[in-house]
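Below is one structure, written out as structure tokens, with a few remarks after it.
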Amino acid sequence: MTTTPLDKEILQEIVRVIRAEEKVPYTVDVGGKRYALTYLEDHAQRLMDALASRDANMLSILFGQLASKVKYQAVASPEPRVARRPAKAQKSVATKATPARKRKAASTTRVSTLPKARKPSTTAPKRARAKVVTMRKLGASARKTRRKK
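In structure tokens, the structure reads:
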């Protein structure tokens, strides 16, 4: 099982709280965040029993198993956040009071400054158009002979 730096910090904080306060924590604060802890199986009870009997050897064994016996989840911070200043109301470009000409001018000013890509031409080149025109003038028999060449 690989442990991340955050995992190590949380495990160290759990061990610190157990040693300092002699109780099993169910929440810890690490890096400015609060984490809720869930102990698998009866690990929390075994830690409490080892604390009550002051068995240092058993505590060391349980601390070694802690990485695989504890799961944590970030909890929302209880203190309210400082409210930002209310954003200034932005003027609407297209309102009923604004004439259509001004609305159009305002909307065109927001267009990207990048040049537009050219669309491919749907019409045939001039040479091809000239051939089509001459073929129409000559008639169906000329078109047949022209295609054979």
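Count the sequence shown with the working numbering and you get residues 34 to 182, in order.
Beta carbons are placed, not taken as given, at the ideal position from N, Cα and C, and that holds for glycine.
- Query: Candidates GLU54, VAL50, VAL61: which alpha carbon is nearest ALA107's?
  - Reply: Along the sequence shown, read from residue 1 onward, the residue named residue 107 stands at position 74. Minimum Cα distance to ALA107 is reached at VAL61.
- Own chain residues within Cβ distance below 6 Å of LYS104, not counting five before or after: Along the sequence shown, one-based indexing puts residue 104 at 71. Excluding sequence positions up to five before and after LYS104, its CB lies within less than 6 Å of the CB of THR71, all in the same chain and listed in chain order.
- Item | Alpha-carbon to alpha-carbon, PRO38 and VAL63 | Position 30 of the sequence shown holds residue 63. Position 5 of the sequence shown holds residue 38. Between the alpha carbons of VAL63 and PRO38 lies a gap of roughly 11 Å.
- Hey, ALA89 and VAL57 are a contact pair by Cβ (cut 8 Å); roughly how many whole angstroms apart? Walking along the sequence shown from the start, residue 89 turns up at place 56. Walking along the sequence shown from the start, residue 57 turns up at place 24. Between VAL57 and ALA89 the Cβ distance is about 16 Å, and since that is not below 8 Å, they are no contact.
- Item | Length of the line joining the Cα atoms of GLN45 and ALA150 | Mapped onto the sequence shown, residue 45 falls at position 12. Mapped onto the sequence shown, residue 150 falls at position 117. Distance between the alpha carbons of GLN45 and ALA150 is about 59 Å.
- Sequence-distant residues of the same chain with beta carbon closer than 6 Å to MET91, five excluded per side: If you number the sequence shown from 1, residue 91 lands on position 58. Here the set comprises ALA83.
- Item | Close beta carbons around VAL50, own chain, < 7 Å, minus the five adjacent residues each side | Numbered from 1 along the sequence shown, position 17 holds the residue referred to as residue 50. So the list reads PRO58, VAL61, once near-sequence residues are dropped.
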